[in-house]
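From first to last, the protein sequence lines stand for chains A and B.
For reference, each letter of the first sequence is one residue, going 132 to 255 in my numbering.
For reference, each letter of the second sequence is one residue, going 172 to 522 in my numbering.
From the three backbone atoms N, C-alpha and C, an ideal C-beta is built for every residue, glycine too.
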Amino acid sequence: MTDYYQAYGTVIALVIAGIALVVVAFTLNRLISPKRAYGAKLTTYESGMDPVGQGWSQTHIRYYLFAFMFVVFDVETLFVFPWATVLGNTEGPQGFMLGVMLVFLFFVSITLPYEYKKGVLKWV
Amino acid sequence: MTESLLALDNVWLALLLKVAAIVGFFLVAPLVIGYIEHKGLAHMQARLGPMEAAFHGIGQLPADGIKFIQKEDIIPANADKWVFSLAPGVALVPAMVILAVIPLGPGLWAEDLDTGVFFALAVSSVSVIGILMAAWSSASKYSLMGGIRAAAQLIAYELPLVLGAAAVVLQAGTMSLVGIVEAQNDFRILGVVPMWFVLPQALGFLLFFVASLAELSRPPFDMPIADSELIFGHMTEYTGLRYAFFMLAEYAGIVVLSALAVVLFLGGWYPLPGVGLPSFDVLFLPGEVVAALAGFAVTMGKIVALAFVMIWFRATFPRLREDQLQRISWLAFIPLAILNIVVVAVFKVVA
């Protein structure tokens, strides 16, 4: 158990070190950089023209259906990993373990042709 | 879990050394890849590339870094200041955290987590949030469109990447990256010919490599930052040090994903399939240190070779169209990745 805490302790220490790296770099930057901001420098870039309207305008989020599908497939991969670790390495009916996963993967992949038929996979 | 070379009796000292080594590697390796990209692209286009800063321009990127740190920090007036400022950090830190689990030689890893592959892939997808933060907070139309493309692309190619890695886990029977390297060394085709997973998993390697190009928004998958359409996508409004951090995150990403591909498919620190490293004492160096150094050289050689292929792609292929990219992923890569898992599983049970 100590091993476990030590291992993830290193991970947490790395996250802290990363944050420290960012903070130190930006503090240094703040100390030595010039500060001469004026209106034109702070406008949003729009190919040299004055920006029209706001950047936060209504946009067609084309990928929200992709995002739903991503969640479905990502959950599926979550199931695959533990199965992949034990298949062929543990006692038990290997054929059954394989067969169950094949059925699962079949039902997951059958959604792809369905979505294709529905025209969801088209980036419009 | 296998112990790393840095597992000392003094836990805190070991922790300090590990973190220092990783931060050092993290700050140097991307610069090496960046230099290779400068020079490689230049020579592919019959140019010389940087020549002025030190010998053949090797001082170019450190000089750039010093320049970036002195530059004015400009935050556009319309931007969401906090989110805009934090985005480069959120994109950068995950790349460093992944290095904790990647083995660069026998004994040369910080921690050999039991969930190695899983951890690396999970952490790598955090940087998407940094990109989305940058895209949204810039309050610029180019940034927003680039961010939408980036998000769609990253979620589409996350799946082939993860499923390709899952097939390796299946074959190796462990999620620990060190365990996977050892499993590759023990693997024999038909019980005779020693081979790494790159041959039995050729399809998986292809999927993993192409998907990692897309995850990094590298050409030919650089639509999110397509300069002829979107100026520079989510990085349009960034200058100075924040921009430099995004660039560092990209090159660190190349290092990390190349290293993952090396560990998963190309035998990690083993120089040839079935051939071990020299582990005899040289002068005052004990055998395991010699092996670690040799292993580090071999791993870095493989990482640089893969990174060079990525740079080569940039000079070779034109950019794909956004809809083509989505279609390739959902209609070809994901079904192929699932098929790959099925084939590997059947072989594992039957053989």
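Could you tell me whether any Cβ in chain B is nearer than 9 Å to the Cβ of residue i?
| i | result |
| --- | --- |
| A:Phe201 | yes |
| A:Met180 | no |
| A:Lys253 | yes |
| A:Val234 | no |
| A:Lys249 | no |
| A:Phe238 | no |
| A:Tyr245 | no |
| A:Val231 | no |
Specify, as a first and last residue, the run of the alpha helix (DSSP H) that residue i falls within.
| i | result |
| --- | --- |
| B:Trp367 | Careful: B:Trp367 lies outside any alpha helix (DSSP H) and carries neither H nor E. |
| B:His214 | Val182 to Met215 |
| B:Val426 | Gly411 to Phe436 |
| A:Ile192 | Where A:Ile192 is concerned, there is no enclosing alpha helix (DSSP H), given that its DSSP letter is neither H nor E. |
| B:Trp253 | Lys252 to Ile269 |
| B:Tyr313 | Lys312 to Ala343 |
| A:Gly226 | Gln225 to Ser240 |
| B:Ser500 | Where B:Ser500 is concerned, there is no enclosing alpha helix (DSSP H), given that its DSSP letter is neither H nor E. |
| B:Leu507 | Ile505 to Val521 |
| B:Phe403 | Counting along the chain, B:Phe403 falls outside any alpha helix (DSSP H), and DSSP gives it neither H nor E. |
| B:Asp235 | Gln231 to Gln241 |
| A:Gly219 | Taken as a continuous stretch (DSSP letters only), A:Gly219 belongs to no alpha helix (DSSP H), as it is neither H nor E. |
| B:Val297 | Careful: B:Val297 lies outside any alpha helix (DSSP H) and carries neither H nor E. |
| B:Glu386 | Ala373 to Glu386 |
Using C-beta distances below 6 Å, list every residue in its chain close to residue i, excluding the 5 sequence neighbours before and after it, in chain order.
| i | result |
| --- | --- |
| A:Val153 | none |
| B:Gly375 | Gly335, Ala338 and Asn511 |
| B:Met172 | Low local confidence applies: a pLDDT of 46 at B:Met172 is under 50, so the model's placement there is unreliable, and no value is given. |
| A:Glu207 | Val239 |
| A:Gly184 | none |
| B:Val333 | Leu292 |
| B:Pro247 | Glu408 |
Which partner residues of residue i appear in the DSSP bridge assignment?
| i | result |
| --- | --- |
| B:Val446 | B:Leu443 |
| B:Val453 | B:Leu456 |
| B:Ile360 | B:Val364 |
Would a check of beta-carbon distances place residue i closer than 9 Å to chain A?
| i | result |
| --- | --- |
| B:Ser383 | no |
| B:Met172 | Any reading at B:Met172 must be qualified, since the residue scores a pLDDT of 46, below 50, and its modelled position is unreliable; the value itself is stated next. Yes, B:Met172 counts as interfacial toward chain A. |
| B:Trp501 | yes |
| B:Ala478 | no |
| B:Lys210 | no |
| B:Leu303 | no |
| B:Ser298 | no |
| B:Pro277 | no |
| B:Leu186 | yes |
| B:Phe417 | no |
| B:Asn249 | yes |
| B:Val426 | no |
| B:Ile326 | yes |
| B:Asp244 | yes |
| B:Gly411 | yes |
| B:Asp283 | yes |
| B:Arg498 | yes |
| B:Ala322 | yes |
Using a Cβ-Cβ cut-off of 8 Å (strictly less than) and excluding sequence neighbours within five positions of residue i, which residues of its own chain qualify?
| i | result |
| --- | --- |
| B:Val453 | Val461 |
| B:Asp251 | Trp307, Ser308 and Ala310 |
What in chain B is Cβ-close to residue i, meaning under 7 Å?
| i | result |
| --- | --- |
| A:Ile192 | Ile319 |
| A:Val211 | Ala337 and Ile512 |
| A:Leu152 | Val194 |
| A:Ala148 | Val190 and Val194 |
| A:Leu159 | Ile240 |
Please return the same chain residues whose Cβ sits closer than 7 Å to the Cβ of residue i, not counting the five positions on each side in sequence.
| i | result |
| --- | --- |
| B:Ala213 | Leu219 and Gly220 |
| B:Val205 | The question names Val, yet the displayed sequence has Gly at residue 205 of chain B. Excluding positions up to five away in sequence, the list reads Leu232 and Tyr422. |
| B:Ala425 | It should be pointed out that residue 425 of chain B corresponds to Ile in this sequence rather than to Ala. The residues are Ile204, Leu387, Ala478 and Met481. |
| B:Ala430 | Ile273 and Ile474 |
Using a cut-off of 8 Å between C-beta atoms, extract the partners of residue i located in chain A.
| i | result |
| --- | --- |
| B:Val182 | Gln137 |
Would you mind telling me which residues of chain A sit closer than 7 Å to residue i, beta carbon to beta carbon, in chain order?
| i | result |
| --- | --- |
| B:Ala334 | Just to set this straight, residue 334 of chain B is Leu in the shown sequence, not Ala. Ordered by position in chain A, the residues that pass the 7 Å Cβ test against B:Leu334 are Thr208. |
| B:Phe255 | Under the 7 Å cutoff, chain A gives no residues; its nearest Cβ is about 12 Å from B:Phe255. |
| B:Ala252 | At residue 252 of chain B the sequence reads Lys, which differs from the Ala that was named. Within chain A, no residue comes near B:Lys252; the closest Cβ sits about 11 Å away, beyond 7 Å. |
| B:Phe289 | Phe212 |
Run through chain B and tell me which residues come within less than 8 Å of residue i, C-beta to C-beta.
| i | result |
| --- | --- |
| A:Val155 | Residues of chain B passing the Cβ test: none, with the nearest at roughly 10 Å. |
| A:Gln225 | Val520 |
Please list, in chain order, the chain B residues whose beta carbon lies closer than 9 Å to that of residue i.
| i | result |
| --- | --- |
| A:Glu222 | None at all; the shortest Cβ gap to chain B is about 14 Å. |
Check the Cβ of residue i against every Cβ in chain A and list those closer than 9 Å, keeping chain order.
| i | result |
| --- | --- |
| B:Phe392 | The contacting residues do not exist; B:Phe392 stays about 14 Å from chain A at best. |
| B:Ser311 | Thr175, Tyr176, Glu177, Pro182 and Gly186 |
Is residue i a contact residue of the ligand ATP, with contact defined as CB to any heavy atom under 8 Å?
| i | result |
| --- | --- |
| B:Leu186 | In the structure on display, the ligand ATP does not appear, and there are no ligands present to speak of. |
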